[in-house]
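A.B. asks:
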Amino acid sequence: MVELGFAWHHSKQPKHARADFEEMVSNNCNSVLVAASEDDIEYWYPNLVQIVEQAKDVGLRVWFNFWAFGGIFGGEPPSIFLHENHGKRQITAESREAVPAACINRKEFQDYFYERVRKVTREMKIDGVFLDEPHYYPMLSESEFTCVCDACQAKYEHDMGLPMPAEYDEEVRTFREQSMYEFLVATCKIIKQSRSSIETCVCVIPSSVGSMGMPDWDRLAAIKEVDMFASDPYFSVFGENRSWAIEMAKKTVATAKRYRKRSQLWIQMFRLPMGQEKAVASLVPEYVRLGVDSVFGWCYLANKGTTIASDEPDLLWSLVTEEYKKMK
């Protein structure tokens, strides 16, 4: 059976989380993604351990998402690291502005992130780690790319043999993508070293989006320590149509299969405009017919009650769960 689930980042009380998980099971889910921000891990860690156990107890596989960590993974929560380490942020090339995203080439951020990855993977009964949309801060212009901090400039000169140029060019693109690739490889190796049975999933921003430092899809899928390759073709978010989502889905499944990896696709259940509910829900069977191994929705209850809720969250939730129930 295909893996079916939703992202979840709701009540941090285990008994309330269990009720949510039981509802997911009643809607034919067999998996859940627990999204935990930096603040969640710092403040709610004991309860997060129990929440994972509650999910396992009701029969769900558990993916763990380091939600919006350092501003380099997808998500809305603010970053404790950025708050406490203003000087370790990505720096723009022209204005030398510190932007709200950590520099992946800085040892301080690597140590901060890897320490928490090790702790979670050693102490929680999770089945997998989900690395969501790893990216650089969006480029403002060819003269305002990131990152040009001292750590990046030193690494660039070491790796490329020349000082970093002031304008974004092919060499800068290569350097950024290689740095992100190395960061993700190191992360996946740490996960496997902590517990070899934990799966890793890398979710990429669809390829039609402008350069955000994401390495080539094939390079990522080919990483030995990556078990699942995913994308989130949210056609409404990216100003595209439904057929674009299908094409991105086909590309995702094909990329995963080339490297004998499992595939995962995400459906948009946040900020969805009224009238698009059926178009999104009907992607579930479409994706399954394409041969995808895992389908997830972001997120539980269609983000009802949040500032990024869909226009008709109850309707969207109902339609998506109806499709889930049809899956065998």
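Whatever position you read off the sequence shown (first residue = 1), add 1 for my numbering. Heads up, the beta-carbon is just placed ideally off N, CA and C, and yes, glycines get one too.
At a cut of 8 Å, does the stretch 305 to 318 reach the stretch 251 to 267 through at least three beta carbon pairs?
C.D. replies: Verdict: no, contact absent.
A.B. asks: Going by beta-carbon coordinates alone, are Leu320 and Ala282 separated by less than 7 Å?
C.D. replies: Taking 7 Å as the Cβ cut-off, Leu320 and Ala282 qualify as a contacting pair.
A.B. asks: Name the two residues that bound the continuous alpha helix (DSSP H) containing Pro47.
C.D. replies: Tyr46 to Asp58 is the span of the alpha helix (DSSP H), which, as asked, contains Pro47.
A.B. asks: Alpha carbon to alpha carbon, how far is Pro166 from Glu143? Give it in angstroms, no decimals.
C.D. replies: When rounded, the distance between both Cα atoms is 11 Å.
A.B. asks: Which residues does DSSP list as the beta-bridge partners of Asp133?
C.D. replies: In DSSP, Asp133 forms a bridge with Cys204.
A.B. asks: Reducing DSSP to helix, strand and coil, say where Ala246 ends up.
C.D. replies: Correct three-state label for Ala246: helix.
A.B. asks: In this structure, what does DSSP give as the bridge partners for Asn66?
C.D. replies: Asn66 is bridged to Ala36 and Phe131.
A.B. asks: Nearest-angstrom Cα distance between Cys150 and Ser180?
C.D. replies: Approximately 14 Å between the Cα atoms of the pair.
A.B. asks: Go to Lys230, then tell me how far its beta strand (DSSP E) extends in each direction, as first and last residue.
C.D. replies: Residue identity differs from the one stated: residue 230 is Phe in this sequence, not Lys. Counting along the chain, the beta strand (DSSP E) containing Phe230 begins and ends at Met229 to Ser232.
A.B. asks: First and last residue of the alpha helix (DSSP H) that includes Gln194?
C.D. replies: First-last of the alpha helix (DSSP H) with Gln194: Glu171 to Ser195.
A.B. asks: Between which two residues does the alpha helix (DSSP H) holding Ile105 run?
C.D. replies: That residue, Ile105, is in no alpha helix (DSSP H); it is neither H nor E in DSSP.
A.B. asks: Can you name, in chain order, every residue of its own chain whose Cβ lies under 6 Å from the Cβ of Gly298, other than the five neighbours on each side?
C.D. replies: For Gly298, where only same-chain residues beyond five positions count, the Cβ hits under 6 Å are Phe7, Ile268, Met270 and Val321.
A.B. asks: Quick one: Cα of Pro139 to Cα of Ser27, how far?
C.D. replies: One C-alpha to the other measures close to 40 Å.
A.B. asks: Glu241 to Pro234, Cα distance in whole Å?
C.D. replies: About 9 Å.
A.B. asks: Contact between the stretch 125 to 136 and the stretch 78 to 85 is defined here as three or more beta-carbon pairs at a separation below 8 Å; is this criterion met?
C.D. replies: No, the stretch 125 to 136 does not touch the stretch 78 to 85.
A.B. asks: Mind checking Leu163: buried by the 16 CB within 10 Å criterion, or exposed?
C.D. replies: Counting Cβ neighbours within 10 Å, Leu163 comes out exposed, since fewer than 16 surround it.
A.B. asks: Any idea if Arg97 is buried or exposed, counting beta-carbon neighbours within 10 angstroms, 16 or more meaning buried?
C.D. replies: Arg97 comes out exposed.
A.B. asks: In whole angstroms, give me the CA-to-CA distance for Gly214 and Ala155.
C.D. replies: The alpha-carbon atoms of Gly214 and Ala155 are separated by roughly 18 Å.
A.B. asks: Under a Cβ-count criterion, where at least 16 other Cβ atoms within 10 Å of its own Cβ denotes burial, should Pro274 be classed as buried or exposed?
C.D. replies: The residue is exposed, with fewer than 16 neighbouring Cβ atoms inside 10 Å.
A.B. asks: According to DSSP, simplified to helix, strand and coil, what is Thr308?
C.D. replies: Coil, per DSSP.
A.B. asks: Hey, could you find the ends of the beta strand (DSSP E) Arg97 is sitting in?
C.D. replies: Taken as a continuous stretch (DSSP letters only), Arg97 belongs to no beta strand (DSSP E), as it is neither H nor E.
A.B. asks: Examine the Cβ distances between the stretch 91 to 108 and the stretch 50 to 68 and report whether three or more of them are shorter than 8 Å.
C.D. replies: At 8 Å Cβ cutoff, the stretches do not touch.
A.B. asks: Consult DSSP for Leu266 and reduce its assignment to one of helix, strand or coil.
C.D. replies: Of the three classes helix, strand and coil, the one that applies to Leu266 here is strand, per DSSP.
A.B. asks: Could you check whether Glu324 and Val330 sit closer than 7 Å to each other, using their CB atoms as the reference points?
C.D. replies: There is simply no residue 330 to check, as the chain begins at 2 and stops at 329 in what is shown.
A.B. asks: Taking the beta carbon of Met2 as the centre, do at least 16 other beta carbons fall within 10 Å, making it buried, or is it exposed?
C.D. replies: Classification of Met2: exposed, given that the 10 Å Cβ count is below 16.
A.B. asks: Thinking just about the alpha-carbon of each residue, which of Leu185, Ser237 and Asp160 is nearest to the one in Glu172?
C.D. replies: Comparing Cα-Cα distances from Glu172 to each of Leu185, Ser237 and Asp160, the minimum goes to Asp160.
A.B. asks: By alpha-carbon positions, which one of Ala99, Tyr288, Asn31 and Val35 ends up nearest to Trp68?
C.D. replies: When only C-alpha atoms are compared, the closest one is Val35.
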